[in-house]
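Everything in the sequence shown is counted per my numbering, starting at 1093 for the first residue and increasing by one.
All C-beta atoms in this analysis are idealised placements derived from N, C-alpha and C, irrespective of residue type, glycine included.
These notes are about the structure you will find just below.
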Amino acid sequence: MPLRRSVLILVFVGLFTPAVVSGVIQYFQLHQEIRSHFWGDKARLENILVYGTQELLWNFDQESALKLVESVMTDHRVRRVVIAEPDGTVFLERASPLADSPLAVTDAQSILHDGGVIGTLRLTMDPISDYAAIGKQLLPMVAGLLLQLVLSLVLIYVFLNRQFLLPVKRLEEQSSRLANQALDKEYTWETPNELGKLGSSLEVTRRSLRVYRDNLEALVQERTAELQAANRELEAFSYSVSHDLQAPLRAIDGYATAVEEDFAAVLPPAAQDYLRKLRRGVNRMSSLISDLLALSRVTRSPMRRVEVDLAILADQVIAELREAEPAREVDFWCERPLTVVVDPGLMKAALRNLLGNAWKYTSKTEGARIRLTSSGGTRPIFTVDDNGAGFSMQDVSKLFQAFQRLHDASDYPGNGIGLALVQRVVTRHGGQIWAEGEPGRGARFSFWLGTPLGEKTGEEGL
């Protein structure tokens, strides 16, 4: 429950409860007072009638007795007066036109003369009018209590709102800003109480966090610049070394080939075997260098995003694979169209590795199948899945690391660079790639790209 509502309920209950208790006490006191007054008046009127009618009843002076009774009947609470002789004969009876209420009370008193009973007085009185007066007094009393309650509630709420609720709300807003790292606006507190001290402590915390943030941002910028510079130097070194190694490797391979061909007749079999192993090693190193150069180009080359249909790029890659291995029969299916905004060269390199992997790892599967699908929407998820060798999900963290292989090179040749290249292409497009697989049941590679269809195209630098 919000603090403001809780305070209002607490204040209302705190004021309403004593007001109700006080009102109930006053009501019962008034009720008791009226009741006591009623019984006192009744006893007084009975005494007047008993003593006033002694001589009149003894002398059978009915006329004078009637005057006395009528004088008593002027009290609107008197409902009936009956004076009877000892044998029950009614000497005088008068009744009010008003009907009796359930509260009406009738008492009988003996009328004495010279020590003997000469008659009986029965007086009926109804206190309903007195209790009606309580109701008339109760209404202004309740109105006064309600007015007092409302005024007290308003005054207390105004005071609490100014001294407590508004400062607490400010503290809440400033704490939220602090949690959201909005540290530029100063927190001003001039209230000399506990809340003001708490607000001042928030301001001290804000200043400390701002100093820490500024220093941290400067340190991060410095370290980022150093890291970028180191990465550029490393990439340049890698590219330069890879590029410069190609010429010596080609020379070694050429001379080894010349020796093997020109001096085959005079070379012993062991020497010829050494030359073949040397050439295989040179070819292996040349392949690694080519992959390293491709990986470096993915990172270094500028990007030019245009609208491209991935289905067309996939068809081109599959055509290359079929041309390289015309004897293989692979069922390839692709959704059409698969329009995206990407760099076509980089994305074709990524598809060449994804589809190439699927092509390679289905080489030992009967009824090989490769699919390229999309989830649709403005930011679709593309999926390449196959029914090939698959992999264990325990090794999924190694998939996109360079030179990491999950299968023996004798079964499925390769350098372990392809998926690392794919991840860099997807990352450069602001996307993400992940994989799922099961040994013997195929693999599924899914990725999304950070540039939705419809955004502006253009060229990006390094």
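Should residue i go down as buried or exposed, given a rule of 16 or more other Cβ atoms within 10 Å for buried?
i, result
"histidine 1521", "buried"
"glycine 1208", "exposed"
"aspartate 1423", "exposed"
"serine 1466", "buried"
"tyrosine 1143", "exposed"
"glycine 1480", "buried"
"glutamate 1138", "buried"
"leucine 1243", "exposed"
"asparagine 1449", "buried"
"isoleucine 1525", "buried"
"leucine 1184", "buried"
"glycine 1482", "buried"
"aspartate 1478", "buried"
"glycine 1132", "exposed"
"proline 1360", "exposed"
"proline 1259", "buried"
"leucine 1498", "buried"
"threonine 1198", "exposed"
"leucine 1438", "buried"
"arginine 1136", "exposed"
"valine 1234", "exposed"
"phenylalanine 1130", "buried"
"alanine 1441", "buried"
"aspartate 1365", "exposed"
"aspartate 1435", "buried"
"leucine 1213", "buried"
Please report how far the alpha carbon of residue i lies from the alpha carbon of residue j, in whole angstroms.
i, j, result
"leucine 1204", "proline 1110", "54 Å"
"glutamate 1530", "glycine 1508", "19 Å"
"glycine 1568", "valine 1103", "In the structure as shown, the chain begins at 1093 and stops at 1554. Residue 1568 is therefore absent and cannot be evaluated."
"aspartate 1401", "glycine 1373", "39 Å"
"valine 1351", "leucine 1367", "8 Å"
"valine 1358", "lysine 1452", "41 Å"
"aspartate 1563", "alanine 1157", "Because the chain here runs from 1093 to 1554, residue 1563 falls outside it and cannot be looked at."
"arginine 1254", "aspartate 1306", "36 Å"
"glutamine 1375", "threonine 1349", "Per the sequence shown, the amino acid found at residue 1375 is asparagine instead of glutamine. Between asparagine 1375 and threonine 1349, the C-alpha separation is close to 12 Å."
"threonine 1549", "glycine 1510", "Its pLDDT being 49, under 50, threonine 1549 is placed unreliably by the model, and nothing is read from it."
"serine 1538", "leucine 1430", "14 Å"
"threonine 1316", "valine 1518", "22 Å"
"arginine 1420", "leucine 1464", "19 Å"
"leucine 1238", "lysine 1261", "30 Å"
"leucine 1230", "phenylalanine 1152", "48 Å"
"valine 1161", "leucine 1141", "7 Å"
"valine 1116", "histidine 1168", "28 Å"
"alanine 1321", "proline 1418", "46 Å"
"leucine 1370", "tryptophan 1425", "42 Å"
For residue i, collect the residues of the same chain with a Cβ closer than 7 Å to its Cβ; drop the 5 residues on either side in sequence, then sort them by chain order.
i, result
"glutamate 1547", "Bear in mind that the predicted position of glutamate 1547 carries a pLDDT of just 49, short of 50, making it unreliable; the figure below should be weighed with that in mind. Here the set comprises Val1433."
"phenylalanine 1108", "Leu1241"
"isoleucine 1248", "Val1103"
"threonine 1457", "Asn1479 and Gly1480"
Less than 8 Å between C-beta atoms, sequence neighbours within five positions excluded: which residues of the same chain meet that for residue i?
i, result
"aspartate 1195", "The identity of residue 1195 in the sequence shown is leucine, whereas the question assumes aspartate. Closer than 8 Å at Cβ, skipping near neighbours: Asp1218, Pro1219, Ile1220 and Tyr1223."
"threonine 1166", "none"
"leucine 1341", "Val1374, Met1377, Ser1378 and Ile1381"
"glutamine 1146", "Ile1203, Leu1204, His1205 and Ile1210"
"tryptophan 1150", "His1205 and Ile1210"
"glutamate 1579", "The structure shown does not extend to residue 1579, since the chain spans only 1093 to 1554, so no value can be given for it."
"phenylalanine 1251", "none"
"glycine 1542", "His1521, Gly1522 and Gly1523"
"isoleucine 1126", "Pro1219, Asp1222, Tyr1223, Ala1225 and Ile1226"
Cutting at 6 Å between CB atoms, please list the residues of its own chain near residue i, excluding the five before and the five after it.
i, result
"serine 1455", "none"
"glutamate 1528", "Arg1536"
"leucine 1148", "Ser1156 and Ala1157"
"isoleucine 1344", "Val1374"
"alanine 1187", "Arg1172"
"arginine 1461", "Asp1423 and Asn1479"
"serine 1484", "Pro1531"
"arginine 1533", "Gly1482"
"alanine 1363", "none"
"isoleucine 1473", "Ser1467, Ser1538 and Trp1540"
Evaluate contact between the segment 1173 to 1180 and the segment 1118 to 1135, counting only Cβ atoms and requiring at least three cross-stretch pairs below 8 Å. Output reads no: the segment 1118 to 1135 does not touch the segment 1173 to 1180.
Which runs of the beta strand (DSSP E) at least 3 residues long sit entirely within the segment 1173 to 1259? Give them in chain order. For the segment 1173 to 1259, whole beta strand (DSSP E) runs of length 3 or above, ordered along the chain, are 1182 to 1187, 1197 to 1205 and 1208 to 1217.
List in chain order: all unbroken beta strand (DSSP E) runs of 3+ residues lying wholly within the segment 1133 to 1172. Fully enclosed beta strand (DSSP E) runs of 3 or longer: not present.
Spell out a yes or no on whether the segment 1402 to 1409 and the segment 1371 to 1381 are touching, meaning 3 or more CB-CB pairs, one atom from each, closer than 8 Å. No: fewer than three Cβ pairs fall under 8 Å.
Okay, do the segment 1479 to 1499 and the segment 1409 to 1419 touch, 3+ Cβ pairs below 8 Å being the bar? With the cut-off at 8 Å, the segment 1479 to 1499 and the segment 1409 to 1419 do not touch.
Every unbroken beta strand (DSSP E) inside the segment 1396 to 1480 [3 residues or more]: The qualifying runs are 1423 to 1426, 1431 to 1434, 1461 to 1466 and 1473 to 1478.
With three or more beta-carbon pairs closer than 8 Å as the criterion, would you say the segment 1441 to 1456 touches the segment 1511 to 1520? Counting Cβ pairs under 8 Å, three or more are found: they touch.
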